[in-house]
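Colleague: What follows is a single structure, and I will ask about it in a moment.
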Amino acid sequence: MTDSLKIIVYKSGSDLENGMHELLKRLAKEAIAARGKFTLGVSGGSMAKQLTAAVPDIYPKGQEEWKKWHVFFCDERIVAFDDKESTYGDYKKNLIAKVPELESQFVVIDPSKDAENNALHYHNQLVQRFGNAMFPIFDLLLTGMGPDGHTCSLFPGHPLLEERRKWVAAITDSPKPPPSRITLTLPVLNHARNVAFIVAGSNKAEAVKKVLEDQEKLPSGMVQPQSNGGKLYWMLDSEAASGLKNTRTHTEL
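Right, dumping it as structure tokens:
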């Protein structure tokens with residue numbers, strides 16, 4: 007693993023959300039001071055509710071600073087926004103309901119397009135905001151990990167793990183439903199300034215141990231953001247960290 011790795015173990019889910027709040031507040035402040043904006047990638051699942059707890063108190067209600075945030079998806083399911091599987095739909099019902107200023111700051115898919123066309127559509131939206139560099143450089147990518155070690159929509163043994171040029175890839179055979187999705191690729195993850203894995207629950211403990219202690223080559227373990235002196239955080243609750251025996255951990259950022 008990279009020398010810039012930091013593993014933080016929190017006693018509870020609410021402590022983990024407080025840690026997310028601290029990280030977001032600090033990195034947003036640094037990014038806005040340096041570049042005038044904060045580019046954030048988020049994932050689905052439980053993260054929408056975690057961010058609904060972690061984000062709203064960063065600024066006072068109505069604060070214009072929210073307009074300097076640009077929020078992208080690390081992956082997204084190709085479904086209508088009112089479908090229960092829609093990641094954006096989940097954020098709209100939760101985080102955006104609390105912070106309506108963020109609604110216009112989300113960069114979303116076009117549900118009328120298929121996965122391949124959405125990958126191109128999302129790539130073009132990234133180019134508009136990051137320019138035509140080799141890869142976009144996000145200030146922070148927040149992602150999770152499945153019990154199988156997958157992250158974003160990058161699954162163990164899938165050919166997309168070998169992608170080296172695309173920013174955004176289509177997947178139509180996801181082993182986890184729904185099958186049709188888009189995802190950021192490993193090179194994009196590894197060009198970020200900061201990547202934070204947010205992992206909670208005892209059902210993730212085995213995968214956490216495999217990645218952090220046994221160093222198995224699972225997709226989550228292939229995320230090592232070193233291209234731009236990047237930092238990697240694993241932010242775990244005590245249940246997710248319960249399998250770690252020989253790994254140095256911290257109790258705060």
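If you're matching positions, the sequence shown starts at 7 in the numbering used here and goes up one per residue. Note that beta-carbon positions come from the ideal geometry of N, C-alpha and C, so glycine has one too.
Quick one: Cα of K237 to Cα of T157, how far?
Modeller: The alpha-carbon atoms of K237 and T157 are separated by roughly 17 angstroms.
Colleague: Per DSSP, H256 forms a beta bridge with which residues?
Modeller: H256 is bridged to I14.
Colleague: Can you check the stretch 58-123 for any beta strand (DSSP E) of at least 3 residues that lies completely inside it and give the ranges in chain order?
Modeller: With a minimum length of 3 residues, the continuous beta strand (DSSP E) runs that stay inside the stretch 58-123 are 75-79 and 81-83.
Colleague: Rounded to whole angstroms, what's the CA-CA distance from G235 to L132? Just pull it up for me.
Modeller: Distance between the alpha carbons of G235 and L132 is about 21 angstroms.
Colleague: Would the beta-carbon of G51 fall within 8 angstroms of that of F144?
Modeller: Contact: no.
Colleague: Do three or more CB pairs link the stretch 108-122 to the stretch 15-24 at distances below 8 angstroms?
Modeller: As far as the Cβ criterion goes, the stretch 108-122 does not touch the stretch 15-24, which means the pair count is below three.
Colleague: Here's a check: name, in chain order, each residue in its chain whose Cβ is nearer than 6 angstroms to the Cβ of H129, leaving out the five neighbours to either side.
Modeller: Here the set comprises W173 and V174.
Colleague: So, helix, strand or coil for N200, using DSSP?
Modeller: In the structure shown, N200 sits in a strand (DSSP, three-state: E or B).
Colleague: Please classify T58 as buried or exposed, where buried requires at least 16 neighbouring CB atoms within 10 angstroms.
Modeller: Buried, because 16 or more other Cβ atoms sit within 10 Å of the Cβ of T58.
Colleague: I need the DSSP call for D243, collapsed to helix, strand or coil.
Modeller: Residue state, collapsed to three classes: strand.
Colleague: Are F203 and G150 close, meaning C-beta to C-beta below 8 angstroms?
Modeller: Yes; because the gap between Cβ atoms is below 8 angstroms, this pair is in contact.
Colleague: Tell whether a beta-carbon distance below 8 angstroms holds between P196 and Q230.
Modeller: First, the amino acid is wrong: residue 196 is Asn here, not Pro. Contact: yes.
Colleague: Do you know whose CA, among L218, E219, K210 and E258, lies nearest A246's CA?
Modeller: If we check each option's Cα against that of A246, K210 comes out closest.
Colleague: Please confirm whether M241 and L167 have their CB atoms less than 8 angstroms apart.
Modeller: No. Outside cutoff.
Colleague: Using the Cα positions of E91 and F44, report the straight-line distance between them to the nearest angstrom.
Modeller: Going by the C-alpha atoms only, they are around 27 angstroms apart.
Colleague: May I have the straight-line CA-CA distance separating L100 from I188, to the nearest angstrom?
Modeller: Note that residue 100 is Asn in the sequence shown, not Leu. Their Cα atoms are separated by approximately 22 angstroms.
Colleague: Using a threshold of 8 angstroms, state whether the C-beta atoms of L29 and L259 are closer than that.
Modeller: Yes; because the gap between Cβ atoms is below 8 angstroms, this pair is in contact.
Colleague: Return the residue from the list P162, L108, Y65 and K98 that minimises the CA-CA distance to V217.
Modeller: Of P162, L108, Y65 and K98, the residue nearest in Cα terms is P162.
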